[in-house]
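Chains as they are written, first to last, in my numbering: chain F, 380 to 829; chain V, 2 to 273.
Even for Gly, the Cβ is constructed at its ideal location relative to N, Cα and C.
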């Protein structure tokens with residue numbers, strides 16, 4: 380069985396076993412054992428909720444340090460459009476991109492352009508799509524992982540168009556390699572990421588063998604150096620600095636941004652994992668079949684809500700909207716040529732490589748009879764638990780705890796509420812430290828028949 | 002009688018828990034089927050069983066048994082003994098067969114569990130059958146869909162194939178919604194064995210005057226309000242039938258409707 384990689388890890392030195400992460404985790408993928416948080420690989424979808432929940436900073440996102448640039452002959456930065464929303468109102472994308480160059484990137488790429496192309500490509504795809512509906516957007520890797528783990532039935536409905544960041548990396552590396560006569564492996568393409576999950580999608584893509592990106596650098600990590608490297612010069616006229624900006628692609632940073640560009644009669648946009656789960660539950664029950672396209676994000680308000688951003692989620696959402704409004708008002712249409720996109724589409728330029736495989740949770744037992752028996756045992760244990768979901772045992776709910784007991788990963792006596800009741804009722808004390816006399820077990824515990 | 006007395010009567014060896022032998026024993030239960038033990042067990046019970054494994058020890062611990070005596074000379078492995086020792090559960094072993102062992106204790110005045118088991122259905126059948134009954138309230142749209150989601154979770158825990166889970170969830174959801182929309186109340190019962198999955202739905206509702214017509218796709222008696230909510234496209238019953246492997250319906254006007262849907266499990270559990 381292959382190991383699932385994750386972009387989040389627990390720093391045991393900082394973890395105080397406070398259980399805040401365990402209670403926040405939307406997929407119940409965290410247990411606290413021996414006063415340290417443990418992430419369950421199979422259940423984790425890399426949403427990053429735990430990072431925000433931990434007051435001790437003990438949950439660490441795994442991204443590349445900026446020093447990794449030196450591993451490549453040439454580097455290119457591909458910032459998520461969410462980066463454009465992290466600064467004050469006067470700081471437009473062109474200034475941010477030139478600031479990045481001063482940080483040591485040889486090239487920078489405005490991902491909004493690629494997003495705009497992909498918007499057109501999705502339009503093309505939807506024109507002759509007759510498969511199961513609704514189609515589900517694939518830009519958020521958490522959503523893909525959620526589908527793999529919890530909704531394997533809906534995997535067929537994932538949009539089979541390559542994500543813009545991957546397409547951009549593929550094309551830029553190809554063209555830079557050509558221009559500078561370098562092998563592609565000497566060119567490092569780094570995504571500037573608003574969330575840790577992109578790192579996993581680079582290390583272990585859900586659908587194909589390898590990613591075209593070489594790493595992901597956290598927006599938090601480059602924020603301060605970028606602030607100081609940006610040109611402090613008086614702002615240029617708003618129009619000038621916006622004239623190359625693609626209105627279609629910019630919206631990809633916020634929830635609803637993709638659907639806005641697709642001209643569909645029936646589409647839904649949903650953000651926050653708990654809300655996405657409600658929508659997917661409905662799809663799985665056979666509802667929402669009249670919806671053509673669902674745009675879903677793990678983070679609130681879309682990518683601007685990622686845990687590695689700096690700015691307040693709502694201000695950054697608003698900043699993106701304001702730029703879009705300005706572009707509309709100024710009638711700036713710096714978007715890709717739709718005829719070119721159509722031609723590329725017909726040449727499978729946008730097609731997603733590989734397929735997404737289900738990752739269903741491990742059953743209680745591979746044999747159904749045995750699994751049924753264990754399920755009954757789990758329910759019997761659960762019936763006897765306090766059902767207050769206090770979490771003191773180290774599992775998020777009494778039901779999760781009962782399941783851990785049945786799977787042999789926890790012991791019934793780990794429930795402190797039940798133990799307290801037992802002791803109050805004069806029951807035997809459990810787990811008493813073994814005295815030296817009890818070590819010679821065979822002599823002490825076995826007695827010949829009298 | 003104390004545990005020590007019971008040990009003497011059965012000439013049992015003590016495997017662990019010497020220090021608890023003064024515990025009072027009032028009730029004895031004897032079974033090899035742990036699901037029965039879970040169903041009739043009560044705190045302080047002295048369990049006689051021929052099942053000498055960790056499962057028996059765990060079950061005894063869950064029901065908070067006073068002790069366990071293994072019959073027919075069987076002995077559990079060291080792990081089971083260790084588990085019992087940690088949990089303060091005395092284990093003993095006698096070479097007597099089950100019946101004479103029970104007989105001797107009975108002779109000395111010990112008796113068994115007398116309460117009748119409330120959920121007779123679950124306890125009387127084999128360990129391999131899972132039964133779940135859900136009550137569904139008519140008109141309660143706020144809870145609509147919960148039953149089908151709970152069923153989905155159960156099937157996922159059991160490793161049922163995702164295609165079957167989807168079909169079951171859709172059929173169960175439609176059945177659930179029919180009760181919510183039309184009936185006063187109803188029940189949905191899930192029976193799962195390693196061979197088949199059966200869902201029986203019974204409601205106290207208006208009944209269906211013309212079943213053939215109701216089974217026609219597109220036929221619906223839904224009110225405009227229901228349609229507004231996205232229901233009543235006349236797909237409910239046909240959808241249930243299409244998603245199940247076997248479907249039957251019985252209805253009495255003014256009384257209610259019964260559905261029975263079954264699904265084959267020939268593919269068994271997911272292998273991966």
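Neighbouring residues, chain F, relative to residue i (Cβ below 8 Å)
i                      : result
residue 193 of chain V : 751
residue 36 of chain V  : 752 and 755
residue 167 of chain V : 532 and 663
residue 155 of chain V : 754
residue 218 of chain V : Those within 8 Å of residue 218 of chain V in chain F number zero; the least Cβ separation is about 14 Å.
residue 131 of chain V : 751, 754 and 755
Candidates the options, of which the one nearest residue i by Cα
i                      : options                       : result
residue 71 of chain V  : V:63, V:62 and V:57           : V:57
residue 172 of chain V : V:242, V:163 and V:25         : V:242
residue 21 of chain V  : V:69, V:38, V:176 and V:29    : V:69
residue 46 of chain V  : V:222, V:31 and V:248         : V:31
residue 506 of chain F : F:451, F:541, F:458 and F:671 : F:671
residue 82 of chain V  : V:92, V:251 and V:74          : V:92
residue 440 of chain F : F:431, F:447 and F:446        : F:431
residue 486 of chain F : F:456, F:515 and F:639        : F:456
residue 34 of chain V  : V:24, V:19, V:50 and V:27     : V:50
residue 37 of chain V  : V:205, V:198, V:114 and V:162 : V:114
residue 893 of chain F : F:429, F:399, F:392 and F:393 : Absent from the model: residue 893 of chain F. The displayed extent of chain F is 380 to 829, so no value can be given.
residue 830 of chain F : F:771, F:445, F:702 and F:465 : There is no way to answer for residue 830 of chain F, as the model of chain F reaches only from 380 to 829.
residue 773 of chain F : F:387, F:393, F:404 and F:468 : F:404
residue 414 of chain F : F:608, F:392, F:426 and F:406 : F:392
7 Å Cβ cut-off: residues of chain F touching residue i
i                      : result
residue 170 of chain V : 663 and 664
residue 62 of chain V  : 791
residue 136 of chain V : None at all; the shortest Cβ gap to chain F is about 17 Å.
Chain F residues whose Cβ lies nearer than 9 Å to that of residue i
i                      : result
residue 240 of chain V : 665
residue 158 of chain V : 740, 742, 743, 750, 753, 754, 757 and 782
residue 198 of chain V : Correct list: empty, because the minimum Cβ distance to chain F is about 10 Å.
Proximity below 8 Å, CB of residue i to CB of residue j
i                      : j                      : result
residue 495 of chain F : residue 714 of chain F : yes
residue 17 of chain V  : residue 85 of chain V  : yes
residue 685 of chain F : residue 513 of chain F : no
residue 42 of chain V  : residue 64 of chain V  : yes
residue 145 of chain V : residue 202 of chain V : no
residue 765 of chain F : residue 777 of chain F : yes
residue 542 of chain F : residue 568 of chain F : no
residue 750 of chain F : residue 159 of chain V : yes
residue 384 of chain F : residue 579 of chain F : yes
residue 262 of chain V : residue 248 of chain V : yes
residue 498 of chain F : residue 632 of chain F : no
residue 255 of chain V : residue 184 of chain V : no
residue 586 of chain F : residue 735 of chain F : yes
residue 532 of chain F : residue 163 of chain V : yes
residue 680 of chain F : residue 650 of chain F : yes
Under 8 Å by beta carbon: chain V residues contacting residue i
i                      : result
residue 660 of chain F : 146 and 150
residue 737 of chain F : 163
residue 514 of chain F : Residues of chain V passing the Cβ test: none, with the nearest at roughly 17 Å.
residue 802 of chain F : Result: empty, since nearest Cβ-Cβ is about 11 Å, beyond 8 Å.
residue 419 of chain F : Those within 8 Å of residue 419 of chain F in chain V number zero; the least Cβ separation is about 15 Å.
Heavy atom of the ligand GTP within 7 Å of residue i beta-carbon
i                      : result
residue 797 of chain F : Ligands in the displayed structure: none, and consequently the ligand GTP is not present.
Cross-chain neighbours of residue i in chain V, by beta carbon under 7 Å
i                      : result
residue 571 of chain F : Within 7 Å Cβ-Cβ: nothing; residue 571 of chain F doesn't reach chain V, min ~36 Å.
Exercise. Is the region 467-475 of chain F touching the region 407-420 of chain F, taking contact as three or more C-beta pairs under 8 Å?
Worked result: Fewer than three pairs of CB atoms, one per stretch, sit closer than 8 Å, so the region 467-475 of chain F makes no contact with the region 407-420 of chain F.
Exercise. Given a limit of 8 Å on CB to CB distance, which residues of the region 760-786 of chain F reach chain V?
Worked result: 760, 763 and 782: these are the residues of the region 760-786 of chain F whose beta carbon lies less than 8 Å from some beta carbon of chain V, given in chain order.
Exercise. If you measure beta-carbon to beta-carbon, which residues of the region 524-551 of chain F are closer than 7 Å to chain V?
Worked result: Per Cβ criterion, the list reads 531 and 532.
Exercise. Which residues, in order along the region 174-187 of chain V, keep a beta-carbon less than 7 Å from a beta-carbon of chain F?
Worked result: Taking 7 Å as the Cβ-Cβ cut-off against chain F, the residues of the region 174-187 of chain V that qualify are 174.
Exercise. Does the region 691-704 of chain F come within contact of the region 599-611 of chain F, defined as at least 3 CB pairs closer than 8 Å?
Worked result: Contact fails: fewer than three Cβ-Cβ distances are below 8 Å.
For this session: Check whether the region 173-182 of chain V touches the region 133-149 of chain V, counting contact only when three or more Cβ pairs, one atom from each stretch, lie closer than 8 Å.
Result: With the rule of 3 Cβ pairs closer than 8 Å, the region 173-182 of chain V counts as touching the region 133-149 of chain V.
Exercise. Just checking, does the region 719-738 of chain F make contact with the region 641-652 of chain F on the three C-beta pairs under 8 Å criterion?
Worked result: For the pair of segments examined, the region 719-738 of chain F was found not to touch the region 641-652 of chain F: the number of CB pairs separated by less than 8 Å stays below three.
Problem set entry | Cβ contact (3+ pairs, closer than 8 Å) linking the region 549-563 of chain F and the region 447-463 of chain F | Yes, they touch.
Problem set entry | At least 3 beta-carbon pairs within less than 8 Å: the region 97-109 of chain V vs the region 5-14 of chain V | Touching, yes.
Exercise. Using a beta-carbon distance cut-off of less than 7 Å, what residues from the region 17-49 of chain V approach chain F?
Worked result: Residues 17, 19, 21, 36 and 39.
For this session: Determine, using beta-carbon pairs with one atom in the region 695-712 of chain F and one in the region 200-215 of chain V, whether at least three such pairs fall under 8 Å.
Result: The region 695-712 of chain F vs the region 200-215 of chain V: no contact.
Exercise. Taking any Cβ of chain F, which residues in the region 92-103 of chain V have a Cβ under 9 Å from it, in chain order?
Worked result: If the cut-off is 9 Å between Cβ atoms, the region 92-103 of chain V has 92, 95 and 96 near chain F.
Exercise. Can you find at least 3 beta carbon pairs, one from the region 772-791 of chain F and one from the region 397-412 of chain F, that sit closer than 8 Å?
Worked result: At 8 Å Cβ cutoff, the stretches touch.
For this session: Check distances from the C-beta atoms of the region 641-654 of chain F to those of chain V and list, in chain order, the residues that come in under 9 Å.
Result: Taken residue by residue, none of the region 641-654 of chain F has a beta-carbon sitting less than 9 Å from a beta-carbon on chain V.
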